[in-house]
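**Student:** As given, the protein sequences belong to chains A and B, one line each in that order.
Counting in the working numbering, the first sequence runs from 187 upward without gaps.
Counting in the working numbering, the second sequence runs from 187 upward without gaps.
Where is the CB? At the ideal position from N, CA and C, for every residue including glycine.
Got a structure for you, written out below as structure tokens; questions coming shortly.
Number of protein chains: 2
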Amino acid sequence: MAKKRETDLSTEEKIIEAARKVFTQKGYAATRTRDIAEEAGINLALLNYYFRSKEKLFEKVMFEKVHKLFGAIAPVLNDENSDLTEKIEKIVENYINMLVMNPDLPLFVLSEIKNNSEQFGDKFNMGKLMLESVFARQIRKRRPDISPLHIIMSVLGLVLFPFIGRPVLRAIGAVDEASFMGLMEERKKLVPHWVAAILNS
Amino acid sequence: MAKKRETDLSTEEKIIEAARKVFTQKGYAATRTRDIAEEAGINLALLNYYFRSKEKLFEKVMFEKVHKLFGAIAPVLNDENSDLTEKIEKIVENYINMLVMNPDLPLFVLSEIKNNSEQFGDKFNMGKLMLESVFARQIRKRRPDISPLHIIMSVLGLVLFPFIGRPVLRAIGAVDEASFMGLMEERKKLVPHWVAAILNS
DNA sequence: GTCTATAACCTGATAGAC
DNA sequence: GTCTATCAGGTTATAGAC
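Here you go:
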């Protein structure tokens, strides 16, 4: 879908688009509804007219973000027609492609969940689903000697951590924007290779 | 050093101890000075008497936390008397031992730095120091074909990410507290082994 | 639907008594 | 050093005119 110009968006869309940006940048507690209204170029009262409260608006944004973050892995987990190697390649590529466009997403979602973990508790029982997935079964078959959680945490760590650490790497001058993105492109090939090495070790 | 009972701590120590706990749990923006005062069991006015402002108190806590997080790796980086394998073993063990005691530390520090990266800019030029360290030199010698940043991000990802993802893993019911800590103990042996496999791949 | 004005509340910080 | 009381400013949310 082509990206609309700001002036083409409806007021409601302008608000939620601004909310996505400001909430992700500053976190729930640090953003003021005035920031969102200003970013959207609308009157503060309209925010409450359309979304009733800061919290309701945040929930909408958060719901999207959580699904974007887990959506990059979910469809692969239970695919019966791919082996372990193919799944890992797919997960790594999906994730890095998405994260290059949304580098702040993981740190935002993970830290907001931490500060408000009650809400995400038993809404879905995704933990069990993950550990009973085809993916987890294939890991167990390959390496019955270690917990599949170890492998899952490792794949996610290799893929997500660079984006989580990016603000620090930039602040200390270890990378600039362009070279970071170049490294992430390289990682699409490197990480599946490394995970294979881990599984063989 | 033995842990003092709360009643043995000076007022100043009670406040900063409470500040460590509350800031780390909720982040700067979401904590109120009243939360800290209550947690410390002291009057709100005393917080300003001892630390002048919320921000000054936070800076003290943040300074400690940053040094704790980077202190686990810093002494190893320029050790001339250990090879690459020994350095990785040391970094992994130091980090996991420290993180088991401070599981919320990485997510707290990384997200606060992201929301306030200006302050951490050129205070030190640590990026250059890191990339010119003995550790980085040893990585380059071993794998001249890939950026040492790839290896550093991977080691940190394998070690830190489980702690960063822990709130989510707990929220979705993928692990309980005890089994998580058990996995981290296992990781002290697994991760160095895996990094060796990565370096050989 | 959109605006201005304002209510109702919360938060950091301080004045001043003890 | 420690407390109570309170101020000044900021924040979310709404009432009511247009």
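Would you say the segment 352-362 of chain B touches the segment 347-358 of chain A, given that touching needs at least three Cβ pairs under 8 angstroms?
**Tutor:** no
**Student:** Should the segment 227-234 of chain B be called in touch with the segment 229-238 of chain A, which here means at least 3 C-beta pairs below 8 angstroms?
**Tutor:** no
**Student:** Please list the partners that Lys314(B) has in chain A, where partner means a Cβ-to-Cβ separation under 7 angstroms.
**Tutor:** Gly359
**Student:** Do the segment 308-323 of chain B and the segment 259-269 of chain B make contact, defined as three or more Cβ pairs closer than 8 angstroms?
**Tutor:** yes
**Student:** Is the shortest distance between the beta-carbon of Lys212(A) and the beta-carbons of chain B less than 8 angstroms?
**Tutor:** yes
**Student:** Report the three-state DSSP secondary structure of Leu195(A) (helix, strand or coil).
**Tutor:** Correct three-state label for Leu195(A): coil.
**Student:** Determine the burial state of Glu363(A): buried for a count of at least 16 other Cβ atoms within 10 Å of its Cβ, exposed for fewer.
**Tutor:** exposed
**Student:** Let me know if Phe249(A) comes out buried or exposed under the rule of 16 or more other beta-carbons within 10 Å of its beta-carbon.
**Tutor:** exposed
**Student:** Would you report the Cα separation of Met187(B) and Phe306(A), rounded to the nearest angstrom?
**Tutor:** The pLDDT assigned to Met187(B) is 45, lower than 50, so where the model puts this residue is not dependable, and the model offers no usable value.
**Student:** Measuring alpha carbon to alpha carbon, tell me which residue in Asn288(B), Ile384(B) and Glu199(B) is nearest Arg373(A).
**Tutor:** It is Ile384(B).
**Student:** Please classify Ser365(B): is it buried, with 16 or more other beta-carbons within 10 angstroms of its beta-carbon, or exposed?
**Tutor:** exposed
**Student:** What alpha helix (DSSP H) runs, 4 residues minimum, are completely inside the segment 329-366 of chain A?
**Tutor:** 334-357
**Student:** By Cβ distance, which residues of its chain are closer than 6 angstroms to Ala223(A), with the 5 residues on each side in sequence left out?
**Tutor:** Leu230 and Leu233
**Student:** At a CB distance below 7 angstroms, what residues from the segment 262-286 of chain A approach chain B? Give them in sequence order.
**Tutor:** none
**Student:** Note down, in chain order, each residue of its chain lying with its Cβ closer than 7 angstroms to the Cβ of Ala382(A), except the 5 sequence neighbours on either side.
**Tutor:** Thr271
**Student:** Could you tell me the distance, in whole angstroms, from the CA atom of Ile274(B) to the CA atom of Leu285(B)?
**Tutor:** 16 angstroms
**Student:** With distances taken from CA atoms, which of Arg220(B), Gly359(B), His253(B) and Glu241(B) is nearest Met312(A)?
**Tutor:** Gly359(B)
**Student:** Whole alpha helix (DSSP H) runs in the segment 281-326 of chain B with 4 or more residues, listed along the chain?
**Tutor:** 291-300 and 312-317
**Student:** Three-state secondary structure (DSSP) at Ile384(B)?
**Tutor:** Helix at Ile384(B).
**Student:** Kindly confirm or deny that the segment 287-299 of chain A and the segment 330-339 of chain A touch, where touching means at least three C-beta pairs closer than 8 angstroms.
**Tutor:** no
**Student:** Any Cβ of chain A within less than 8 angstroms of the Cβ of Asn288(B)?
**Tutor:** no
**Student:** Any beta carbon from chain B within less than 8 angstroms of Ser348(A)'s own beta carbon?
**Tutor:** The residue asked about is misnamed: residue 348(A) is Pro in this sequence, not Ser. Taking Cβ atoms only, chain B reaches closer than 8 angstroms to Pro348(A), which makes this a yes.
**Student:** Secondary structure at Lys189(A), three-state DSSP: helix, strand or coil?
**Tutor:** With a pLDDT of only 47 at Lys189(A), under the threshold of 50, the placement of this residue in the model should not be trusted; the figure read from the coordinates follows. In the structure shown, Lys189(A) sits in coil (DSSP, three-state: anything other than H, G, I, E or B).
**Student:** Is the Cβ of Ala188(A) closer than 8 angstroms to any Cβ of chain B?
**Tutor:** Only weak support is given to the placement of Ala188(A): the predicted model assigns it a pLDDT of 47, under 50, and the value that follows is read from those uncertain coordinates. By this cut-off, Ala188(A) is not an interface position.
**Student:** Express the C-alpha separation of Glu198(A) and Lys189(A) in angstroms, rounding to a whole number.
**Tutor:** Because the pLDDT at Lys189(A) is just 47, under 50, the model does not fix this residue reliably, and the point stays unresolved.
**Student:** Keeping to the same chain, check which residues put their C-beta closer than 7 angstroms to that of Ile228(A); ignore five residues upstream and five downstream.
**Tutor:** Thr197, Lys200 and Ile201
**Student:** Below 6 angstroms CB to CB, which residues in the same chain sit around Ala205(B) once its five sequence neighbours on both sides are set aside?
**Tutor:** Ile222, Leu243 and Val247
**Student:** With 16 as the cutoff for other CB atoms within 10 Å, does Gly213(B) come out buried or exposed?
**Tutor:** buried
**Student:** Just by C-beta distance, which residues in the segment 330-355 of chain A are closer than 9 angstroms to chain B?
**Tutor:** For the segment 330-355 of chain A, the set of positions with a beta-carbon nearer than 9 angstroms to some beta-carbon of chain B reads Ile332, Ser333, Leu335, His336, Ile338, Met339, Ser340, Leu342, Gly343, Leu344, Val345, Leu346, Phe347, Pro348, Ile350, Gly351, Arg352, Pro353, Val354 and Leu355 in chain order.
**Student:** On a CA-only basis, which of Lys375(A), Met316(A) and Glu371(A) is nearest Phe256(A)? Give me that one, please.
**Tutor:** Met316(A)
**Student:** Could you give the first and the last residue of the continuous alpha helix (DSSP H) run that contains Gly257(B)?
**Tutor:** Lys240 to Gly257
**Student:** Can you tell me whether DSSP reads Asn264(A) as helix, strand or coil?
**Tutor:** coil
**Student:** Beta-carbon within less than 6 angstroms of Ala258(A)'s beta-carbon, same chain only, minus the 5 sequence neighbours each way: which residues are those?
**Tutor:** Asn280, Tyr281 and Met284
**Student:** Are Ser239(B) and Trp380(A) closer than 8 angstroms when you measure CB to CB?
**Tutor:** no
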